[in-house]
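Enquirer: Let me begin by handing over the structure; questions about it come next.
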Amino acid sequence: MAKLPDYESKDPIAWCPGCGNFGILEAVKQALTESNLEPYQILMVSGIGQAAKLPHYVKCNLFNGLHGRTLPVATAAKITNHKLTVIGVSGDGDAYGEGEITSCMLYGEILILLIWCIITKFMD
Amino acid sequence: MEYVASKAKEFNIVVEQSEDEIAAINMIIGAAFTGVRAMTSTSGGGFALMVEGLSLAGMTETPIVVVIGQRPGPATGFPTRTEQGDLLFAIHAGHGEFSRIVFTPGTPEEAFSLTNKAFDFAEKYQIPVLILTDQLFNDSYWTVDAFDLERIAVERYDAINKWLNQPAYTYQKYKITETGISPRIYPGLRNQVVYADSDEHTEDGHITESAEIRNKMVEKRLKKFEAIRHESGSCYTYPEDNLETMLVCCGSTFGVVKEAIDILQEKKMKIGMLHISEIYPFPRESVMAQLGFSRKIFTVENNATGQLFRLMTAETRIKITDKILKFDGRPFSVQELLRRIEMVI
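Read top to bottom, the protein sequences are chains A and B.
Read in this note's numbering, the first sequence has 57 at position 61, and its numbers run on one by one without any break.
Read in this note's numbering, the second sequence has 126 at position 78, and its numbers run on one by one without any break.
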């Protein structure tokens, strides 16, 4: 079983200090640790955006593709190698604004898709 | 596609009709990234939707094969008729600069062998390969000798065996090499991870803004093109090269041009044809050698702007006499082609 440090990535994190994404990153790493999966058994697929950078900050396979195109890539990867745990990672802009969201639904493939939204408070 | 789908179980192929062309090209990229040969097929308008994905394949260095069945455009045009109007589109499609190969088969034998070659080159060079056909070609029937399956080889060009035994988590998908081609493994290989990114990236596959790394990666991706140039691009000439008058064509005009040549040869005309099926990288040396002594050269094309004429002029500086064009959505009949040749000679 991989201990928490095994999911550490060498890539310096490009999010602003205080961003909610840091909390999400820790939660993802914790979930992966509890899953008993080795880094090489996981593939994260993302599009474009701050949320989509998350896979770079986790040690696992990653495909960081085009804006909104997370699901087709993730679906095909899962069909190609169903032993991989495939996780789609997306922000609200990437998934809902630009996204190709029906790919996964059509094929009934078991994927996990994480979509979240960081609400930035605008100062007066 | 229905034929392939009917054979899917027997040959271990996944066949999917995706919700749109954007999904289709992103799916084949996801599949190829994860370790299988993947291809898709569409028309000119569908390819227009795939163009961003093509750029993704070029940037991530993912091997894919795309068949483009040309129809008269622009936009909806004649959905059920034929044209060769997407040649330059296919050659230049995709924002940014990256290597790709384009084939234009003219016979069923060429379609068969070039599809095999397309996969071979796609995986060897880790690039997208495009195969241009058109409605005429795709809806025609031929009687042919059985294809020689002995000539078909399947080579994956991956580095899996080597990377089974390397130190854990040291693989770099975009390692800079002499040829520009990095060793390739797939996600799921024990104790290694693979990072692919549409952003500009380091050898590791992480995002970077560095000018120095950018220069290296751009050169890496473009370097492959010169190596490909040496491996492809022989042209078909009939009955021989360097005759006084030569007709140049690519793709589905093969049959009607050859038939016209036969008729004109019987009339003792010194005329021949040159057909190009491996059109990009453009086979400059081959074409210049096979037309160097010809006095009159004409392109025969199913489009309005003489795209083969423009491509050949740009690539070889050969002085082409004229272009014979047809763009009403119908193929040349041999009678029409003979009339048109007579008008320009």
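Every residue gets a Cβ at the ideal spot worked out from N, C-alpha and C, and that includes glycine.
1) Suppose contacts are defined by Cβ-Cβ distances below 8 Å. Is Ala170 (chain B) in contact with Ile179 (chain B) by that definition?
2) If contact is defined by three or more beta carbon pairs under 8 Å, each pair taking one atom from either stretch, is the stretch 114 to 133 of chain B in contact with the stretch 245 to 259 of chain B?
3) If you measure from the beta carbon of Ala47 (chain A) to each beta carbon in chain B, is any gap under 8 Å?
4) Does the CB of Glu248 (chain B) have a neighbour CB from chain A at under 8 Å?
5) DSSP beta-bridge partners for Ile255 (chain B)?
6) From the beta carbon of Ala27 (chain A), is the nearest beta carbon of chain E less than 8 Å away?
7) Taking the C-alpha atoms as reference points, what is the distance between Val85 (chain A) and Lys25 (chain A)?
8) Of all the CB atoms in chain A, is at least one closer than 8 Å to the CB of Thr82 (chain B)?
9) Closest Cβ-Cβ distance between Leu102 (chain A) and chain B: below 8 Å?
10) Go through its chain and collect everything with a Cβ distance to Thr218 (chain B)'s Cβ below 7 Å, but skip five positions before and after it.
11) Which residues mark the beginning and the end of the beta strand (DSSP E) in which His323 (chain B) is found?
12) In chain order, what residues of the same chain have a beta carbon less than 8 Å from the beta carbon of Gln240 (chain B), not counting five sequence neighbours either side?
13) If you draw a straight line from the alpha carbon of Ile224 (chain B) to that of Ser31 (chain A), how long is it in whole angstroms?
14) Compare the Cα-Cα distances from Val113 (chain B) to each of B:Thr163, B:Glu69, B:Tyr205 and B:Glu384 and report the closest residue.
15) When you check each C-beta in the stretch 302 to 314 of chain B against every C-beta of chain A, which residues fall closer than 9 Å?
16) Put Asp84 (chain B) into one of helix, strand or coil per three-state DSSP.
17) On a Cα-Cα basis, can you pick out the residue from B:Phe59, B:Tyr173, B:Val242 and B:Ile309 that is closest to Glu226 (chain B)?
18) Put Thr110 (chain B) into one of helix, strand or coil per three-state DSSP.
19) Whole angstroms is fine: what's the gap from Lys55 (chain B)'s alpha carbon to Leu184 (chain B)'s?
20) Could you tell me the distance, in whole angstroms, from the CA atom of Lys343 (chain B) to the CA atom of Ile368 (chain B)?
Expert: The short version:
1) no
2) no
3) no
4) no
5) According to DSSP, Ile255 (chain B) bridges with B:His249.
6) As a matter of chain content, chain E is missing from the structure shown, whose protein chains are A and B.
7) Their backbone Cα atoms lie some 13 Å apart in a straight line.
8) yes
9) Interpretation of Leu102 (chain A) is limited by its pLDDT of 48, a score under 50 that renders its predicted location unreliable; the figure taken from the coordinates is listed afterwards. For Leu102 (chain A), the answer is yes, since a Cβ of chain B falls inside 8 Å of its Cβ.
10) none
11) Ile319 to Ile324
12) Trp211, Gln214, Ala216, Tyr217, Thr218, Tyr219 and Ile233
13) 35 Å
14) B:Thr163
15) none
16) Contrary to the premise, residue 84 (chain B) reads as Val rather than Asp in this sequence. When DSSP states are grouped into helix, strand and coil, Val84 (chain B) belongs to the coil group.
17) B:Tyr173
18) coil
19) 25 Å
20) Note on identity: in this sequence residue 343 (chain B) is Arg, with Lys being the wrong assignment. Answer to the nearest angstrom: the Cα atoms are 9 Å apart.
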